[in-house]
Each structure stands twice: as C-alpha cells, then as structure tokens.
Amino acid sequence: MAGSDTNKRRLKVTAEVLVDVTDPAALKRAALQHIDELSYVVPEGEEEAHERELATERDEVRDDAAAALQAMIDPDLMVPEGKGVDVHGATYWVDHVDEHGQSLPSWPDFTSLFPMCEYGKVGCEDCASSYVIPRTAAVLWSVAGLLADHGYDDVIEHGDDPVDPENGLWSVFDEFPRITWRQDAVWRRQAARAFDDLAADLTAGNWPQLACPAEEMALHLMLEYGESAVNDGWSGLESHFAGLPEHANDLDWDLLSDVLCQDSDILSLFDASLDGIEDPDDEQNRYLGMGDYTPNAWFATFDNMNPRDPRRPFRR
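Using this note's numbering, the first residue of the sequence shown is number 16, and each one after it goes up by one.
Written out as structure tokens, the structure reads:
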C-alpha cells in the first residue's frame with residue numbers, strides 16, 4: 016500500500032552543474048553582498064577571529080570567481096523541506112574547467128618551485144634543494160591535502176568525542192599520540208590546519224617549515240603516507256605528476272626525515288613506557304631537552320621558528 020514504507024534510510028544525492036560566468040565582476044559583487052547579509056552565531060570571545068575569517072573569505076571572493084560562486088551556493092536547497100526528508104550534511108566545491116568540462120590542473124608547478132641540477136647532481140649549489148625536489152614535493156603536497164581532509168572529516172564526524180582506535184571510524188586522529196585522544200573539536204581543527212600549513216610551504220617553493228609540535232606530527236604522518244602512496248601506486252607520480260623530472264635523491268623518506276625534522280622528540284609520545292614525557296617538568300623530558308609537548312602547547316611556535324600568520328583561514 017502506498018505510504019506504508021516506514022523504514023528510515025539514508026540516501027546520497029550527486030549532482031554536477033556546469034555554469035558559464037558571463038560577468039565575473041557582478042558575481043563577485045553579489046557574493047560580497049551575500050556574505051555581508053548572512054546572520055552568524057558567534058561564540059562569546061571569538062568575535063575577532065570570526066571577523067578575520069570573514070575578511071579572508073571576502074579577499075578570496077575578490078580574487079576568484081570560483082570562490083565567489085562557492086560562497087553563494089547552498090546545496091541544502093536541492094532537498095525539498097518538510098517532505099519526509101532531513102538534510103544530514105552536504106559537501107560541495109567549485110572547480111575551474113575547460114570548454115569540454117574537464118577540470119583544469121589545480122596543482123603547483125613543482126618543477127619551477129624546486130629547480131634542480133639537470134644532471135641530478137647531489138649538493139649542486141645552483142639547485143634550490145638537493146632533498147625536496149619536484150617529485151618528492153608533489154607527493155608530500157598531495158598527502159598533506161589528503162591528511163588535512165581526513166582531519167576535517169574527523170572534526171565533522173566526531174566533534175569532541177574521545178578517540179576510540181578500536182572502532183575503525185576515525186580517519187587520522189587515531190594515529191596521533193594517546194595524549195591527544197581527548198582533545199576537543201577546536202584543537203583537532205587546528206591540527207588539521209597544520210597539514211595545510213605545510214602544504215602551503217611547498218606551494219611557496221619552500222621546505223616544510225615545522226613551526227610547532229602539531230606540524231612536527233603532521234610531517235611525520237606525511238612522510239609515512241607519502242612512502243605508502245608511492246609503494247601502493249596512488250601517489251599521482253604515474254598520472255598527473257608523471258612529467259616531473261627525476262633525481263638521485265627522489266623519495267628518500269629516511270633522508271627527508273633527517274633533513275626536515277629538527278628532532279624526533281614527538282615520537283617519544285607513542286612509547287607507553289615514557290608516559291608523562293610530554294610534561295616539561297618530567298625528568299626524562301628535561302634530560303632530553305624536549306620542552307612542552309602537552310596538547311595545549313602543540314600550536315605554540317618553537318623558539319627558533321617564525322610564527323604563522325594568526326589571520327590565516329581554516330580551509331573547512
């Protein structure tokens with residue numbers, strides 16, 4: 016009988032819409048007006064950070080028609096309200112495509128960003144780097160974006176819930192030290208951004224600059240995932256990065272760990288026999304000269320590094 020199906024079920028709607036932006040200036044004006052007209056619920060004490068995020072969003076809209084269009088899209092409107100369905104969540108993005116609807120390359124020009132000796136000579140003074148070279152940089156950049164997405168996914172799916180490594184439902188934070196497993200969503204969002212910060216270093220043609228413990232942890236995971244990606248054939252080196260030049264030091268993960276990491280202090284947090292070593296007052300910590308590795312200090316800038324721009328946005 017019609018209407019007798021009472022079983023709740025979850026569905027996924029997939030849609031692809033191609034649009035031509037005929038007046039980019041008008042689109043950007045409309046997007047800026049849309050941002051200004053939205054109502055926001057801002058927690059007490061976070062007003063300044065919220066204004067910085069809005070300022071960043073406005074700058075992105077002014078710079079890119081794709082960002083302007085994305086700012087105005089609401090995928091929830093595709094679902095009829097009050098018709099027996101509730102929207103559980105939505106993910107969407109806007110890409111630049113060619114006249115055939117094919118996505119344009121969205122990755123950096125690693126050959127130009129990381130120039131190297133045409134003979135692959137190690138230590139050549141004319142090379143920007145003998146260790147972070149085009150193919151290596153491409154893999155690190157790719158896995159940094161993947162791990163950042165995993166982190167943001169965990170925030171959306173789990174919020175403040177403690178990590179349970181046994182349930183298999185976590186994307187990345189179950190791979191962090193146990194002392195971080197009870198951190199809240201705000202902490203996890205900052206940890207996810209650490210991967211994006213290191214990806215931004217690579218996009219700027221720089222080695223990953225480890226500014227804080229969170230970025231130290233991020234790089235160790237990037238090296239681990241990068242090696243797995245290459246070994247298992249999903250690094251992109253056989254597809255969109257296939258044209259990058261090869262070098263004698265390509266994909267030397269042990270060498271990269273030695274060169275890029277100031278030390279391996281953060282790995283001590285995985286050793287159950289060293290519980291408490293994160294505390295700067297711990298005897299073993301003082302002996303090694305580690306410093307503060309308690310979760311609250313994970314985003315504090317190392318004394319020998321320059322701080323990140325506090326106004327930089329979160330990608331998600």
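Backbone N, C-alpha and C define an ideal beta-carbon position, used for all residues, glycine too. Note that the structure is predicted; figures quoted are calculated from it, not measured.
If only complete runs of 4 or more residues are kept, the region 172-239 shows the alpha helix (DSSP H) at 200-218, in order along the chain. Residue 274: member of the alpha helix (DSSP H) spanning 268-275, first to last residue. Residue 109 has no beta-bridge partner at all, per DSSP. Contact check for residue 281 against residue 232 passes: the beta carbons are separated by less than 8 Å.
With respect to residue 276, residue 225 sits close: the two C-beta atoms are nearer than 8 Å.
Distance from the Cα of residue 118 is smallest, within the candidate group 43, 31, 249 and 77, for 31. About 14 Å separates the beta carbons of residue 86 and residue 41, which is beyond the 8 Å limit, so they are not a contact pair. In terms of Cβ geometry, residue 316 and residue 325 do not form a close pair [threshold 8 Å]. For residue 163 against residue 211, the beta-carbon gap comes to about 5 Å, under 8 Å, which counts as contact. Take residue 274, set aside five residues on each side of it, and the residues of its chain with a beta-carbon closer than 6 Å to its own are 146, in chain order.
Secondary structure at residue 118: strand, using DSSP grouped into helix, strand and coil. Listed in chain order, the non-local C-beta contacts of residue 220 below 6 Å within the same chain comprise 128, local neighbours out to five positions each way being set aside. Restricting attention to 80, 175 and 187, the CA atom closest to the CA of residue 165 is found in 187.
Taking all protein chains in view, the Cβ of residue 106 is surrounded by fewer than 16 other Cβ atoms within 10 Å, so the residue is classified as exposed.
A direct Cα-Cα distance of roughly 51 Å separates residue 26 from residue 297. In the DSSP annotation of this structure, the continuous segment of the alpha helix (DSSP H) that includes residue 40 starts and ends at 39-52. Around the Cβ of residue 55, a 10 Å sphere holds fewer than 16 other Cβ atoms; the residue is exposed.
For the alpha helix (DSSP H) assignment, the region 236-266 encloses no uninterrupted run of at least 4 residues.
Taking every protein chain shown into account, the CB of residue 76 has 16 or more other CB atoms within 10 angstroms, so this residue is buried. In the three-state DSSP reduction, residue 103 falls in the coil class, being neither helix nor strand. Cβ atoms of residue 259 and residue 150 come within 8 Å of each other, at about 5 Å.
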